[in-house]
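Residue numbers (full-length UniProt numbering): 1 to 311.
Notes follow once the structure below has been shown.
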Amino acid sequence: MVAKIENVVPMRPLPSRLGMTLIELLVVIGILGILIGLSLPGIQAIRSSSTKLACQNNLKQIGLAIHAFHDRRGFFPQGPPAGTIDLNVHSPLSWRVLILPELGYPTEGMQAIDALKMEPVDPFVSPPHQGLSLVIKPYVCPADGRLFSSLTNPVGIRAAFTDYIGLRGGRGFEGVLGLSSKIRMSDILDGTTNTLICGERPPPDTLQAGIWYTWLSPEPGNGFRFGPDELIHTVSPVAVPPGDSCVGGIPNAFGPGRPANECDRYHLWSLHSGGANFLFADGSCRYLNYSVNDLLPALSTRAGGEPVSLP
């Protein structure tokens with residue numbers, strides 16, 4: 001007997017599901033969004049810390065250059081005197097110009113001196129001083145992308161700017177970089193670890209201040225060009241020139257600021273959060289919070305005898 005064989009259709013396996021449902025996709029996107037949101041503050045904090053440390057490295061380089069200048073000349077870079085300048089005795093150039101050779105820019109330093117000899121009243125006009133528009137990398141805080149290239153200021157001069165400024169002391173010139181000064185290490189009686197040399201002060205968006213190359217005109221009634229660029233005092237409230245629109249509007253010598261506020265050029269501040277970097281006379285660099293505003297006058301004098309204890 002022959003069995004009857006029926007036609008049997010083989011069972012096909014069900015196709016596996018290769019895609020995702022809309023709900024699953026939305027869940028994944030939501031999870032990724034949460035993870036990105038959680039990681040962004042950490043990334044921003046790392047970036048902020050990196051730029052702060054790079055800024056400190058700039059100030060340390062400046063400190064090494066200032067100390068090398070002291071080793072070569074026997075005193076810290078001095079500012080020019082008030083009144084008429086005898087170019088045979090004093091240099092009207094900014095301390096930032098004077099330390100260029102020690103900072104690794106010897107050619108630019110000589111160009112600045114030669115331009116001044118040819119035209120001491122205005123070396124930027126006659127002859128044109130090409131070095132003026134040269135960006136000096138250690139003079140620019142990495143947090144300030146505006147200054148990575150030269151800019152044109154309100155009077156039409158193309159120039160390079162800086163985020164760092166010297167401290168003159170209190171109402172007078174009791175600091176290390178005072179006018180007509182030739183301060184030696186032994187003159188810093190308050191101790192080099194307790195005495196500031198310079199700190200941060202970004203230029204305003206109006207570019208009314210912040211050119212790294214400044215000088216004092218040798219003519220009677222001279223003044224620094226351009227704006228408060230050479231030295232800044234640390235006493236609160238901040239005194240500004242009579243008739244200036246910023247008079248009475250700057251309560252603290254060290255406090256938060258904004259590039260958009262032109263009055264912030266008269267006090268110390270930074271683009272970092274909560275404070276700024278400062279260079280001490282011993283060559284060290286520290287980040288100080290805005291809360292130490294009241295201590296800055298004592299920290300910026302070289303022989304005031306004030307007791308100071310930083311937090």
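Built from N, CA and C at the ideal position, the CB exists for glycine as well.
From a predicted model like this one, the values you see are computed outputs, not experimental measurements.
Give me the residue from Thr192, Ala260, Gly243 with the minimum Cα distance to Val308.
Taking the first residue of the sequence shown as position 1, residue 308 is located at position 308. When only C-alpha atoms are compared, the closest one is Thr192.
Tell me which residue opens and which closes the beta strand (DSSP E) that Leu288 is part of.
Within the sequence shown, residue 288 is the residue found at index 288, counting from 1. Where Leu288 is concerned, the enclosing beta strand (DSSP E) starts and stops at 285–289.
DSSP beta-bridge partners for Phe278?
As a working note, residue 278 is residue 278 in the sequence shown. Paired residue(s): Gly199, Arg286.
Beta-carbon proximity list for Thr195, same chain, < 6 Å, skipping 5 on both sides:
Taking the sequence shown and counting its residues from 1, one reaches residue 195 at position 195. Answer for Thr195: Ile188, Ala281, Arg302, listed in chain order.
Take every Cβ of the segment 284–298, pair it with every Cβ of the segment 57–68, and state whether three or more of those distances are shorter than 8 Å.
Contact holds: three or more Cβ-Cβ distances are below 8 Å.
Who are the near neighbours of Pro259 in its chain, counting only those whose CB is closer than 7 Å to its CB and skipping five residues on each side?
Within the sequence shown, residue 259 is the residue found at index 259, counting from 1. Pro202, Pro204, Asp205.
Please state whether DSSP places Ala112 in a helix, a strand or coil.
Within the sequence shown, residue 112 is the residue found at index 112, counting from 1. Of the three classes helix, strand and coil, the one that applies to Ala112 here is helix, per DSSP.
Quick one: grab the DSSP three-state call for Leu32.
Taking the sequence shown and counting its residues from 1, the one referred to as residue 32 is at position 32. Taken through DSSP and simplified to helix, strand or coil, Leu32 comes out as helix.
Pull up the CB-CB distance for Ile232 and Leu268, whole angstroms please, since I reckon it's below 8 Å.
On the sequence shown, position 232 is the one that residue 232 refers to. On the sequence shown, position 268 is the one that residue 268 refers to. Your pair Ile232 and Leu268 checks out as a contact, with CB atoms roughly 7 Å apart and the cut at 8 Å.
Buried/exposed call for Gly243, threshold 16 Cβ in 10 Å:
In the sequence shown, the residue the question calls residue 243 occupies position 243. That one is exposed.
Sheet register partners of Phe173 (DSSP bridge)
Your numbering for residue 173 matches position 173 in the sequence shown. Looking at the DSSP output, Phe173 sits in no beta bridge, so it has no partner there.
Is His272 helix, strand or coil when you go by DSSP?
Translated into positions along the sequence shown, residue 272 becomes position 272. Three-state DSSP puts His272 in coil, outside helix and strand.
Residue environment, Ala143, which counts as buried when at least 16 other CB atoms sit within 10 Å
Here residue 143 refers to the residue found at position 143 when the sequence shown is read from its first residue. Burial call: buried.
Measuring from the CB of Gln78, is there a heavy atom of the ligand NAP at a distance below 7 Å?
Here there are no bound small molecules, and the ligand NAP is not part of this structure.
Am I right that Leu147 and Phe161 are in contact with their C-beta atoms under 8 Å? What's the rounded C-beta distance?
On the sequence shown, position 147 is the one that residue 147 refers to. On the sequence shown, position 161 is the one that residue 161 refers to. Contact annotation, Leu147 with Phe161: C-beta distance approximately 5 Å; criterion of less than 8 Å satisfied.
Pairs of beta-carbons, one from the segment 161–172 and one from the segment 233–252, closer than 8 Å: are there three or more?
Touching, yes, given that three or more Cβ pairs across the two stretches are closer than 8 Å.
If Val140 and Asp163 are in contact, beta carbons under 8 Å, what's the gap, nearest whole angstrom?
Start at 1 with the first residue of the sequence shown, and residue 140 comes out as number 140. Start at 1 with the first residue of the sequence shown, and residue 163 comes out as number 163. Yes, Val140 and Asp163 are in contact; Cβ-Cβ is about 6 Å, under 8 Å.
Looking only at its chain, what residues have a beta carbon closer than 7 Å to the beta carbon of Glu102, apart from the 5 residues adjacent to it on each side?
Numbered from its first residue, the sequence shown carries residue 102 at position 102. Apart from sequence neighbours up to five positions away, the residues of its chain that approach Glu102 with a beta-carbon distance below 7 Å are Ala65, Ala68, Phe69, ordered along the chain.
Around the Cβ of Leu38, are there at least 16 other Cβ atoms within 10 angstroms (buried) or fewer (exposed)?
Start at 1 with the first residue of the sequence shown, and residue 38 comes out as number 38. Label assigned to Leu38: exposed.
Under DSSP, the beta strand (DSSP E) around Leu231 begins and ends at which residues?
Position 231 of the sequence shown, counted from the first residue, corresponds to residue 231. Start and end: 231–233.
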